[in-house]
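Protein chains in written order, with our numbering: chain R, 1 to 261; chain Y, 1001 to 1335.
Following: one structure in structure tokens, then a few remarks.
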Amino acid sequence: MNSEEKKIILKTEGLTKHYGGVKALHDADFTLADGEHVAIVGDNGAGKSTFIRQVTGVEIPTSGKIYFDGNLVNFKTPADAKKAGIEAVYQNLALADDLDVPSNIFLGQEETYFNLGPFSFLNENKMFKQSIDVLAKTGIKIPDIKITMNNMSGGQRQCVAISRSAGFASKLIIMDEPTAALGVQETKQVEKIIRSLKENGVPLIMISHNLRQVFNLVEKIWVFRQGQIVGCVETSKTDGNEIVSLITGVKQGVGEEASFI
Amino acid sequence: MEQKDDTLFIKLIPYIDKYGILLLIAIMLLVLHLLQPDVFFSWRNITNIFKQISWQSMLALGVFMVIVTAGIDLSVGSILMLSLMALAISSRAGLPWQIVVLVAPAVGLVCGMINGLGITILRMPHPFIMTLGTLYIFRGVGNLISGGVPIGGFANQIRSIGNGKIKLEWLYGEGAAQYIPSSLIIIIIIYVIFWIFLNQTKIGKWIYAIGGNPGAARAAGINVNRILVLVYTLCGFLAGIGALILAGRTGSAYPNAGLQSELDAIAAVIIGGASFFGGRGTVLGVFAGVFIMGLLRNGLNLMNVSVFWQQVLIGSIIILAVYIDVLRRQFGTRK
Ligand SMILES: Nc1ncnc2c1ncn2[C@@H]1O[C@H](COP(=O)(O)OP(=O)(O)O)[C@@H](O)[C@H]1O
Ligand SMILES: [Mg+2]
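Structural data, given as structure tokens:
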């Protein structure tokens, strides 16, 4: 198969996360080839976000192994994952509300005049200009990027969050429900960004409830149910019915009325 | 035409938000000048105001940084007292002034670090708890080491830091009485340094980011705990500087030093327009907040108005300042 020739960028073995008695994620074996775009689908509470949080160092797994870019990794913090090359857009819109757009796009990796570690002096001008470039590249229009995030619509906020991760050279981009809170136009914008990532060969994991979107954008679908991975199918070899059956665990007859379509 | 008035009012809110505090200061200066035309704008009285607010302005600046991170530090008054006592004891022990001068900032720094480490390592549910604890502990320790009695007699070099005068004879001629208090110079230097720190450096940006959304800061790869420890440590350090200034002003360390001054510091920060919930506020605003409280005290003292009225007025200004913030959030620039 084609994907076997390609380098594996991310692999998990027996990845498990328990919160007290809740088995949020259990024994997940997952692989992603370089350049590949995949979706993770599943019902609410299936463990999708939990899986992402383990891979991005937001939480530390109860057990299991994560290999990234050929190495066994042990991310203790999101900073570790970021350093390794994983950029994530979190479901709860991880933006600093009282800062403006350039500050958010560059948060944690600010441009400076010269390096004095954390005491480096900020090069606001450079960040302002680069932010305009980044936003232009992703086709996002924000009238005034000097206003703070809490004065922006959900769509604008999400677009900033996404250009933030897409704007930096990274080895893997992960998006948790990137269009869940967006309108039609904004969703199109985000999908355009995802396509451009594909063209640039940047691998992507996307969690989505929108099966139309999933079928349009990715080549492989991983299905989670009750904390476990219950299936992995290539988009070209499946249809909505099969995915819905996998999601719900009910063999037949769910189809059209399911909310996932 | 209630509708029309409403919209005009709403339109004014961003301006009130931005310039309201300057307007308030201008009005206060004018009113005080009209009420006390001979005294208020005299060189002596104006320098007095700056001398009076000098040590409080250090506490307020520290508390401001802490509040920007959505935290609180209730212990600054006690840190000030403990630092002052430590200074007095080291001075009494006969240490050279070059050492004594370092004692108060160093003790303050250590106290602040204890707060920061407690909040992060002991995972206190809120900084309120940790610093409420140390509010008692630090003052208790201060009284234990001093025996609960005032200690006086500092070297002139120490006193001149908080009480020094930079004569302006070169400007006003031989024998002129005009001078700039050294404490004003200290305020300016410290405030400029911290303005640069908070507005021009990476850490400054991160401090604001943490207050706005600690999860976002963490996800952006920022070590939130380390920054929090730094912020509380700096807050303690500033309280130590405040102690050094106070040592010069009073010439002795006394058990009630800085009592309840943590509340004045919080009040100044809030009057200065910082959000109590973190993420928002300016260094200049803090200074304005401290200055307003100083003006109020000074003006009311000049007019022999009871100290109880000062309390009523300061309380009212706090509530008014926050109410303007509430309106701003409701109608302001939010779309
Ligand atoms: N921090 C947590 N503490 C306890 N339980 C959690 C926590 N986070 C998630 N869970 C539980 O783990 C399960 C999976 O959650 P999640 O990964 O958010 O699901 P999904 O993203 O697929 O909707 C749910 O039952 C949820 O209630
Ligand atoms: Mg989720």
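Cβ coordinates follow ideal geometry from the N, Cα and C atoms, glycine included.
*Determine, using beta carbons only, whether Y/I1207 and Y/S1054 come nearer to each other than 8 Å.*
Against the second sequence, residue 1207 of chain Y aligns to sequence position 207. Against the second sequence, residue 1054 of chain Y aligns to sequence position 54. Not in contact: Y/I1207 and Y/S1054 (Cβ atoms no closer than 8 Å).
*Please look up how many angstroms separate the CB atoms of Y/A1288 and Y/S1083, rounded, as I've assumed it's under 8 Å.*
Along the second sequence, one-based indexing puts residue 1288 of chain Y at 288. Along the second sequence, one-based indexing puts residue 1083 of chain Y at 83. Contact flag wrong, Cβ pair sits at about 26 Å.
_Once DSSP output is grouped into helix, strand and coil, what is the label at R/K23?_
In the first sequence, the residue the question calls residue 23 of chain R occupies position 23. In the structure shown, the three-state DSSP call for R/K23 is strand.
*May I ask you to check if the CB of R/S49 is nearer than 7 Å to at least one heavy atom of ligand 2?*
As a position in the first sequence, residue 49 of chain R is number 49, starting the count at 1. Yes, the Cβ of R/S49 comes within 7 Å of a heavy atom of ligand 2.
*When every heavy atom of ligand 1 is checked, does at least one fall within less than 7 Å of the C-beta of R/G42?*
Here residue 42 of chain R is taken as the residue at index 42 of the first sequence, counted from 1. For R/G42, the distance from the CB to the nearest heavy atom of ligand 1 is below 7 Å.
*Examine ligand 2 and report whether any of its heavy atoms sits within less than 7 Å of the Cβ of R/Q91.*
The sequence position of residue 91 of chain R within the first sequence is 91, counting from 1. R/Q91: yes, Cβ under 7 Å from ligand 2.
*Where Y/H1126 falls, given that 16 or more other Cβ within 10 Å makes a residue buried*: Stepping through the second sequence from its first residue, residue 1126 of chain Y is reached at position 126. So Y/H1126 ends up on the exposed side.
*Measure the beta-carbon distance from R/A94 to Y/A1070 and round it to whole angstroms, keeping in mind my assumption that it falls under 8 Å.*
Locating residue 94 of chain R in the first sequence gives position 94, where the first residue counts as 1. Locating residue 1070 of chain Y in the second sequence gives position 70, where the first residue counts as 1. Under the criterion of beta carbons closer than 8 Å, R/A94 and Y/A1070 do not qualify as touching, at roughly 16 Å.
_Assumed close pair Y/I1190, Y/I1158 - CB separation to whole angstroms, cut-off 8 Å_ = The count along the second sequence starts at 1 and reaches residue 1190 of chain Y at position 190. The count along the second sequence starts at 1 and reaches residue 1158 of chain Y at position 158. Y/I1158 and Y/I1190 do not touch by the CB rule: their CB atoms are close to 18 Å apart, not below 8 Å.
_Buried or exposed, going by whether 16 or more other CB atoms sit within 10 Å of the CB of Y/S1042?_
By 1-based counting over the second sequence, the position of residue 1042 of chain Y is 42. Its Cβ having fewer than 16 others within 10 Å, Y/S1042 is exposed.
_Neighbourhood of R/G201 by C-beta distance below 7 Å, restricted to the same chain and skipping five residues each side_ = Mapped onto the first sequence, residue 201 of chain R falls at position 201. G35, listed in sequence order.
*Which residues, in order along the stretch 80-106 of chain R, keep a beta-carbon less than 9 Å from a beta-carbon of chain Y?*
Within the stretch 80-106 of chain R, the residues whose Cβ lies closer than 9 Å to some Cβ of chain Y are D80, A81, K82, K83, A88, Y90, N92, L93, A94, L95, A96, D97, D98, L99, S103, N104 and F106, listed in chain order.
*Can you give the beta carbon distance from Y/G1299 to Y/V1068, rounded, assuming they're within the 8 Å contact cut?*
For this step, residue 1299 of chain Y is matched to residue 299 along the second sequence. For this step, residue 1068 of chain Y is matched to residue 68 along the second sequence. Contact doesn't hold; Cβ gap of about 30 Å is too wide.
*Pair within 8 Å by beta-carbon distance, R/V190 and R/I162*: Counting from 1 along the first sequence, the entry for residue 190 of chain R is found at position 190. Counting from 1 along the first sequence, the entry for residue 162 of chain R is found at position 162. Cβ atoms of R/V190 and R/I162: closer than 8 Å.
*asked:* Between Y/V1107 and ligand 1, is there a pair consisting of the residue's CB and a ligand heavy atom that are separated by less than 7 Å?
replied: Counting from one through the second sequence, the residue named residue 1107 of chain Y turns up at place 107. No; taking the cut-off as 7 Å, the Cβ of Y/V1107 has no heavy atom of ligand 1 nearer than that.
*is_contact[R/E186, chain Y] using C-beta, thresh 8 Å*: Along the first sequence, read from residue 1 onward, the residue named residue 186 of chain R stands at position 186. Answer no: the Cβ-Cβ gap between R/E186 and chain Y never drops below 8 Å.
*Run the proximity test for R/F30: is its beta-carbon closer than 7 Å to any non-hydrogen atom belonging to ligand 1?*
Here the question's residue 30 of chain R lines up with position 30 in the first sequence. Flag unset: Cβ of R/F30 not near ligand 1.
_Through-space distance from R/P178 to R/S63, alpha-carbon basis_ = Residue 63 of chain R sits at position 63 when you count from the first residue of the first sequence. Residue 178 of chain R sits at position 178 when you count from the first residue of the first sequence. Those two C-alpha atoms are separated by around 28 Å.
*asked:* Any heavy atom of ligand 2 closer than 7 Å to the beta-carbon of Y/D978?
replied: In the structure displayed, chain Y extends from 1001 to 1335; residue 978 of chain Y sits before or after that span and is not available.
*asked:* With a threshold of 8 Å between beta-carbons, can Y/R1280 be considered close to chain R, or not?
replied: Here residue 1280 of chain Y refers to the residue found at position 280 of the second sequence. Yes - at least one Cβ of chain R is within 8 Å of the one on Y/R1280.
*Do you know offhand how far Y/A977's Cα is from Y/S1183's?*
Lying before the first or after the last residue shown, residue 977 of chain Y is absent from chain Y, which here runs from 1001 to 1335.
_Residue ranges of each alpha helix (DSSP H) within the stretch 1127-1208 of chain Y, 4 or longer_ = Scanning the stretch 1127-1208 of chain Y from its first residue to its last, the whole alpha helix (DSSP H) runs of 4-plus residues come out as 1127-1146, 1156-1163, 1169-1172 and 1182-1200.
_At the level of alpha carbons, what is the spacing between Y/G1251 and Y/A1106?_
If you number the second sequence from 1, residue 1251 of chain Y lands on position 251. If you number the second sequence from 1, residue 1106 of chain Y lands on position 106. Rounded to the nearest angstrom, the gap between the Cα atoms of Y/G1251 and Y/A1106 is 20 Å.
_Boundaries of the alpha helix (DSSP H) in which R/K83 is found, first to last residue_ = As a first step, residue 83 of chain R is located in the first sequence; it is residue number 83 there, counting from the start. P78 to A84 is the span of the alpha helix (DSSP H), which, as asked, contains R/K83.
*Mind checking whether the beta-carbon of Y/Y1368 lies closer than 7 Å to any heavy atom of ligand 1?*
Because residue 1368 of chain Y is not part of the residues shown, which for chain Y are 1001 to 1335, the question remains open.
_CB contact check: R/Y19 to chain Y, cutoff 8 Å_ = Here the question's residue 19 of chain R lines up with position 19 in the first sequence. Taking Cβ atoms only, chain Y never reaches closer than 8 Å to R/Y19, which makes this a no.
*What distance in whole Å lies between the Cβ atoms of Y/V1231 and Y/K1061, which are believed to be in contact at a cut-off of 8 Å?*
Here residue 1061 of chain Y refers to the residue found at position 61 of the second sequence. Here residue 1231 of chain Y refers to the residue found at position 231 of the second sequence. Before going further, note that residue 1061 of chain Y is Leu rather than Lys in the sequence given. With a beta-carbon spacing of about 12 Å, Y/L1061 and Y/V1231 fall beyond the 8 Å limit used to define contacts.
*Could you tell me which residues DSSP pairs with R/A39 in its beta bridges?*
The count along the first sequence starts at 1 and reaches residue 39 of chain R at position 39. R/M206 and R/I221, per the DSSP bridge assignment.
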